[in-house]
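Asks: The sequence shown runs 2 to 284 under the working numbering. From the three backbone atoms N, C-alpha and C, an ideal C-beta is built for every residue, glycine too. Being a predicted model, the structure only gives us computed values, none of them experimental. After the structure tokens below, expect a handful of questions from me.
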Amino acid sequence: MPKIPPGSIMDLFSSLYSFEICSLSSGSSGNCYYIGNADGGILVDVGISAKRIIKSLKEIGKSLESVKAVLITHSHIDHIRSVEAFTRTFRKPVYATAGTWQGIRNNRFTMQALESMHVSIIPDAPFMAGGFSITAFPVSHDANGAVGFHIQNSHKSLAIATDLGIIDDRAAHFLKRANILLLESNYDEEMLENGPYPERLRQRIRSSLGHLSNKQCADFLASSWRDDLSHVFLVHLSEHNNTPEKTMETIHATFAENGTLITESASIHPFEREKRSPLFRID
2 MPKIPPGSIM DLFSSLYSFE ICSLSSGSSG NCYYIGNADG GILVDVGISA KRIIKSLKEI
62 GKSLESVKAV LITHSHIDHI RSVEAFTRTF RKPVYATAGT WQGIRNNRFT MQALESMHVS
122 IIPDAPFMAG GFSITAFPVS HDANGAVGFH IQNSHKSLAI ATDLGIIDDR AAHFLKRANI
182 LLLESNYDEE MLENGPYPER LRQRIRSSLG HLSNKQCADF LASSWRDDLS HVFLVHLSEH
242 NNTPEKTMET IHATFAENGT LITESASIHP FEREKRSPLF RID
């Protein structure tokens, strides 16, 4: 019987196992998400200190050896803070678009990231990492080469989009294919309007290249909900312009207005900003 080479498409069938999902941190202070299976996993973004990432992984029974690769959504510092350590010290491959990598190398905090550990990715071109088939898709955000990711195992798929001002047709295409979503719900419109931010910053957040509001997120979910969408995790909540309670209030109100019904087994869960989430195992 021929031997299947490592990293081939057949690796998808090597472990019929649930997704494992953990938010190590979510929000403008730093973003890092562990997505794994029985054989290990990947990190999506490393926007907090390496020390904190290692500590959080240990708390959920994982180690750096469990991490096979790092995926970067875009080059803002709250998503790349530890990329230098992951390339130089831990020698993990970092998958990022050319635009994102250029932003990493142009940032004085990450400019020493090791070029040889960069794996350049192109939107819409699938690649293998950590036993998953992954496709990056472009998102509308004010960072060159910003993407979300569609991540597939043998029987389910997950999509993550952490920073986007609007959900355009291309992003919607991938988000609507996923059984599990990690989707931005950044701000409550009233809190932003009456909050401490100057008008210029408020305009940037509300723009099509900014961030997704609770209402934008809720409208998308209500209009596109399917029975095979089992879990939604709300990510990148603003510290000053949102609360987990506000996100869920908006979800409930919007679903009621639209007559959207979800199955009893489905769940919607907001990730807290500074607090590590539990490790979710999803069959």
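Quick check: His241 and Gly211, are their CB atoms within less than 8 Å of each other?
Replies: Locating residue 241 in the sequence shown gives position 240, where the first residue counts as 1. Locating residue 211 in the sequence shown gives position 210, where the first residue counts as 1. Taking 8 Å as the Cβ cut-off, His241 and Gly211 do not qualify as a contacting pair.
Asks: What's the call for Phe175, buried or exposed, on a 16-neighbour Cβ count within 10 Å?
Replies: For the purposes of this step, residue 175 is taken as residue 174 along the sequence shown, with counting starting at 1. The residue is buried, with at least 16 neighbouring Cβ atoms inside 10 Å.
Asks: Less than 8 Å between CB atoms is the rule here; does Ala97 satisfy it with respect to chain D?
Replies: In summary, chain D is missing from the structure at hand, where a single protein chain is found.
Asks: How long is the line joining the alpha carbons of Thr88 and Phe133, rounded to whole angstroms?
Replies: The count along the sequence shown starts at 1 and reaches residue 88 at position 87. The count along the sequence shown starts at 1 and reaches residue 133 at position 132. Taking the straight line from one Cα to the other gives about 21 Å.
Asks: Can you tell me which of the three DSSP states Asn195 falls into?
Replies: Within the sequence shown, the letter at position 194 stands for residue 195. Of the three classes helix, strand and coil, the one that applies to Asn195 here is helix, per DSSP.
Asks: Under the assumption that Ser24 contacts Phe272 (Cβ atoms under 8 Å), give the Cβ distance between them as a whole number of angstroms.
Replies: In the sequence shown, residue 24 corresponds to position 23, counting from 1. In the sequence shown, residue 272 corresponds to position 271, counting from 1. About 4 Å separates the two Cβ atoms, so the contact holds.
Asks: At what residue ranges does the segment 155-235 contain a whole run of the alpha helix (DSSP H), taking only runs of 4 or more?
Replies: For the segment 155-235, whole alpha helix (DSSP H) runs of length 4 or above, ordered along the chain, are 170-176, 190-195, 200-207, 215-225.
Asks: Measuring straight from C-alpha to C-alpha, what distance separates Ser16 and Gly41?
Replies: Residue mapping note: residue 16 aligns to position 15 of the sequence shown, counting from 1. Residue mapping note: residue 41 aligns to position 40 of the sequence shown, counting from 1. With a pLDDT of 46 at Ser16, under the threshold of 50, the modelled position of that residue is not reliable, and the figure given next carries that caveat. Computed Cα separation, rounded: 11 Å.
Asks: Using C-beta distances below 7 Å, list every residue in its chain close to Leu280, excluding the 5 sequence neighbours before and after it, in chain order.
Replies: In the sequence shown, the residue the question calls residue 280 occupies position 279. Only Glu21, Cys23, Ile61 meet the Cβ criterion.
Asks: CB Val148 to CB Thr74, shorter than 8 Å?
Replies: The residue labelled residue 148 in the question sits at position 147 within the sequence shown. The residue labelled residue 74 in the question sits at position 73 within the sequence shown. Going by C-beta atoms, Val148 is nearer than 8 Å to Thr74.
Asks: Can you give the beta carbon distance from Asn32 to Gly48, rounded, assuming they're within the 8 Å contact cut?
Replies: Position 31 of the sequence shown, counting from 1, holds the residue named residue 32. Position 47 of the sequence shown, counting from 1, holds the residue named residue 48. Yes, Asn32 and Gly48 are in contact; Cβ-Cβ is about 4 Å, under 8 Å.
Asks: Are there 16 or more other CB atoms within 10 angstroms of the CB of Phe110, so buried, or fewer, so exposed?
Replies: The residue you call residue 110 lines up with position 109 of the sequence shown. Phe110 should be labelled exposed.
Asks: If you reduce the DSSP assignment to three classes, tell me which class Asn242 lands in.
Replies: Against the sequence shown, residue 242 aligns to sequence position 241. It is coil, neither helix nor strand.
Asks: Based on Cα-Cα distance, which residue from Ala86, Lys59, Ser209, Leu44 lies nearest to Lys69?
Replies: Mapped onto the sequence shown, residue 69 falls at position 68. Of the listed residues, the one whose Cα sits closest to Lys69 is Leu44.
Asks: What number of angstroms, rounded off, separates the C-alpha of His151 from the C-alpha of Ser19?
Replies: Taking the sequence shown and counting its residues from 1, one reaches residue 151 at position 150. Taking the sequence shown and counting its residues from 1, one reaches residue 19 at position 18. Approximately 16 Å between the Cα atoms of the pair.
Asks: So Leu238 packs on Ser27, CB below 8 Å; how close in whole Å?
Replies: Position 237 of the sequence shown, counted from the start, is the residue given in the question as residue 238. Position 26 of the sequence shown, counted from the start, is the residue given in the question as residue 27. Right, the Cβ-Cβ distance comes to about 7 Å (below 8 Å), so this counts as a contact.
Asks: With a threshold of 8 Å, are at least 3 pairs of Cβ atoms found where one atom belongs to the segment 101-110 and the other to the segment 157-174?
Replies: Taking 8 Å as the limit for Cβ pairs, the verdict is that the segment 157-174 does not touch the segment 101-110.
Asks: For Phe138 and Ala172, which I take to be in contact (beta-carbon distance under 8 Å), what is that distance rounded to the nearest angstrom?
Replies: Locating residue 138 in the sequence shown gives position 137, where the first residue counts as 1. Locating residue 172 in the sequence shown gives position 171, where the first residue counts as 1. Indeed, because the Cβ distance is near 6 Å, the residues count as touching under 8 Å.
Asks: Mind checking which residues open and close the beta strand (DSSP E) that includes Phe20?
Replies: Taking the sequence shown and counting its residues from 1, one reaches residue 20 at position 19. Segment 20-26, the beta strand (DSSP E) holding Phe20.
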